[in-house]
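Numbering (my numbering), first residue to last: 16 to 324.
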């Protein structure tokens, strides 16, 4: 199947998504030497077509938005073309890989940098703020898988979704540290996103990026080999036990010395003069039988000898 605009022709590789609102096709452009892949969104829903056409067909619309390619009418609807990236979603990466703290810090920083550089419209940004729509490759480059429904939201609704989505993303990135209460600054950063603290200011995402750089410095400084000490209840108890251990060791040593000294004194004051001899019934395979009659005779002889003397 071929999808044509005024200046480009796309042949369809596969259908990525199909629903009542719009279909998504993965395509390549005919006669393009680089053989770049694209996602062509064929919008069918009337209200969505009107809103998107107004946003994308205006003069100079999103000319700095590098992941957006073109917009045109075709197949009885509106088609939007975005660059396609064969990458793993952030959700899949966090699930499949045991990412070190340093790697997760870098992903968060590159995500914010990408959002600042890309000049993405708010209605698209509100829909990509999810670990399922963020794409990450082996070099930690960040791209996005776009959804179009955000165009029907108000500016306030888009902004709320953006910061709520960022909070969810950073919650997923630092889930290990949050679970073990490893760094108190992480929940503060996330809470600022949830409350819209940055949105109420003048800097917006730039303010988020600056606060994240501060958090990054704290995490890097506090980390030891890629990990930060946990601060949960039981770890705090263990820390107190370790602090008290030298004192406990001295007390135990004193108690042992006192017990040994007491035992020696007892032996001196109450000596044991009588000792019970050990008796053996066998030596190897030889059985020893006590002859009581012979013992009596020996004792009688000893008595006679003593008397004669």
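Every residue gets a Cβ at the ideal spot worked out from N, C-alpha and C, and that includes glycine.
So for residue i, helix, strand or coil by DSSP?
i	result
residue 114	coil
residue 146	coil
residue 105	helix
residue 161	coil
residue 198	coil
residue 137	helix
residue 123	helix
residue 192	helix
residue 279	helix
residue 77	coil
residue 35	coil
residue 131	helix
residue 270	helix
residue 249	Unreliable positioning characterises residue 249 in this predicted model, as indicated by a pLDDT of 46, which lies under 50. The coordinate reading is nonetheless provided below. Note: residue 249 maps to helix in three-state DSSP.
residue 15	The structure shown has nothing for residue 15, since the chain only spans 16 to 324.
residue 45	coil
Leaving out five residues on either side along the sequence, give the residues of the same chain with a beta carbon under 7 Å from the beta carbon of residue i.
i	result
residue 129	157
residue 282	none
residue 99	41, 52, 53, 54
residue 144	176, 177, 180, 181, 184
residue 139	161, 165
residue 238	116
Beta strand (DSSP E) containing residue i: first to last residue?
i	result
residue 154	Note, residue 154: premise wrong, no beta strand (DSSP E); not H, not E.
residue 99	No beta strand (DSSP E) contains residue 99, which DSSP labels as neither H nor E.
residue 54	52–58
So the alpha helix (DSSP H) residue i belongs to, where does it begin and stop?
i	result
residue 178	170–188
residue 231	220–237
residue 64	61–71
What are the residues that DSSP puts in a beta bridge with residue i?
i	result
residue 88	93
residue 19	24
residue 40	30, 55
residue 83	97
Residues in the same chain with beta-carbon distance under 6 Å from residue i, minus the five sequence neighbours each way, listed in chain order, please.
i	result
residue 241	Model confidence at residue 241 stands at a pLDDT of 45, short of 50, so the residue's coordinates are unreliable; what they give is reported in the following sentence. Excluding sequence neighbours, residue 241 sits near 115, 116, 117.
residue 79	134
residue 71	86
residue 152	102
residue 209	182
residue 23	44
residue 30	40
Using a Cβ-Cβ cut-off of 8 Å (strictly less than) and excluding sequence neighbours within five positions of residue i, which residues of its own chain qualify?
i	result
residue 131	220, 221, 224
residue 391	Missing from the structure shown is residue 391; the chain here goes from 16 to 324 and no further.
residue 126	149, 157, 184
residue 325	Limits of the chain in this structure are 16 at one end and 324 at the other, which puts residue 325 out of reach.
Does the beta carbon of residue i sit closer than 8 Å to a beta carbon anywhere in chain D?
i	result
residue 189	Reference to chain D is not applicable here, since this structure consists of a single protein chain.
> Below 8 Å, can you find three or more Cβ-Cβ pairs linking the segment 181–201 to the segment 157–170?
Replying inline: no
> Three or more C-beta pairs closer than 8 Å, one from the segment 56–64 and one from the segment 16–36: is that the case here?
Replying inline: Yes: the two stretches touch, three or more of their Cβ pairs being nearer than 8 Å.
> Per the contact definition of three or more C-beta pairs closer than 8 Å, is the segment 169–181 in contact with the segment 92–102?
Replying inline: No, because fewer than three Cβ pairs between the segment 92–102 and the segment 169–181 fall closer than 8 Å, the two stretches do not touch.
> Is the segment 139–151 close to the segment 97–109, with three or more CB pairs under 8 Å?
Replying inline: yes
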